[in-house]
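First residue of the sequence shown? That's 654 in the numbering used here, and the numbers climb one at a time after it.
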Amino acid sequence: MKRYLVFALVGPFVGGFLLLLTTTYQSGYWAQTSLGEVGKLFAVFFKTLQYSYLFGFLPALMIGAVDDILVHIRRIGPSVRMLLVGLFAFILASMTYSSRGPDSGAVQFILYGLVGFVPAVISSWLVHRYVEEPPAVAAPT
Numbered sequence: 654m655k656r657y658l659v660f661a662l663v664g665p666f667v668g669g670f671l672l673l674l675t676t677t678y679q680s681g682y683w684a685q686t687s688l689g690e691v692g693k694l695f696a697v698f699f700k701t702l703q704y705s706y707l708f709g710f711l712p713a714l715m716i717g718a719v720d721d722i723l724v725h726i727r728r729i730g731p732s733v734r735m736l737l738v739g740l741f742a743f744i745l746a747s748m749t750y751s752s753r754g755p756d757s758g759a760v761q762f763i764l765y766g767l768v769g770f771v772p773a774v775i776s777s778w779l780v781h782r783y784v785e786e787p788p789a790v791a792a793p794t
């Protein structure tokens with residue numbers, strides 16, 4: 654249960670911030686912004702944090718469930734599990750957020766994929782580091 658709590662608390666917070674950074678980059682905000690206006694970015698982040706949790710709560714729990722499934726397989730170590738969870742979240746986030754229109758491309762795919770990858774890997778690492786893991790069982794052959 655602690656695993657899901659970590660994913661539910663960390664995932665939407667980090668993912669919401671990365672999504673805000675990605676959308677501001679895609680809109681061209683950073684090309685015409687001075688460092689003095691960066692405070693506005695944090696103000697928007699804290700004003701929209703409730704929506705990050707509202708819309709990121711269930712996806713974070715889904716990624717936590719994938720991590721929970723993988724922790725029970727003995728052949729998969731913690732670092733490989735973190736990578737697999739991150740790759741799964743990368744694919745889900747990039748398919749969810751990136752568009753398929755004429756403005757799509759590799760940069761957009763990677764940036765939106767990192768919105769899922771980074772929080773998933775951080776959450777999986779925190780769970781591995783601070784939450785007691787159950788004994789793993791052998792994978793069926």
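No residue lacks a Cβ here, since even glycine has one placed at the ideal position from N, Cα and C.
Measuring alpha carbon to alpha carbon, tell me which residue in the options is nearest residue i.
i, options, result
"Phe699", "Gly669, Gly758, Gln679", "Gly669"
"Leu707", "Gly692, Phe762, Ala661, Gly766", "Ala661"
"Tyr704", "Leu672, Ser757, Tyr765, Val659", "Leu672"
"Gly769", "Ser687, Val691, Leu694, Phe710", "Phe710"
"Thr749", "Ile716, Tyr765, Thr701", "Tyr765"
"Ser747", "Val771, Gly692, Thr701, Val691", "Val771"
"Met715", "Glu785, Arg656, Tyr783, Val784", "Arg656"
If I'm right that residue i touches residue j with Cβ under 8 Å, what's the distance once you round it to whole angstroms?
i, j, result
"His781", "Pro731", "5 Å"
"Val697", "Ile775", "Their Cβ separation, rounded to whole angstroms, is 22 Å, which puts Val697 and Ile775 out of contact at 8 Å."
"Leu740", "Val659", "Going by Cβ atoms, the distance from Leu740 to Val659 rounds to 19 Å, so no, they are not a contact pair."
"Gln685", "Gln761", "About 20 Å; that fails the 8 Å criterion."
Could you give the residue range of the alpha helix (DSSP H) that holds residue i?
i, result
"Met654", "Counting along the chain, Met654 falls outside any alpha helix (DSSP H), and DSSP gives it neither H nor E."
"His781", "759-783"
"Ile722", "702-724"
"Tyr750", "731-750"
Contact the segment 718-733 vs the segment 675-689: 3+ CB pairs below 8 Å: no
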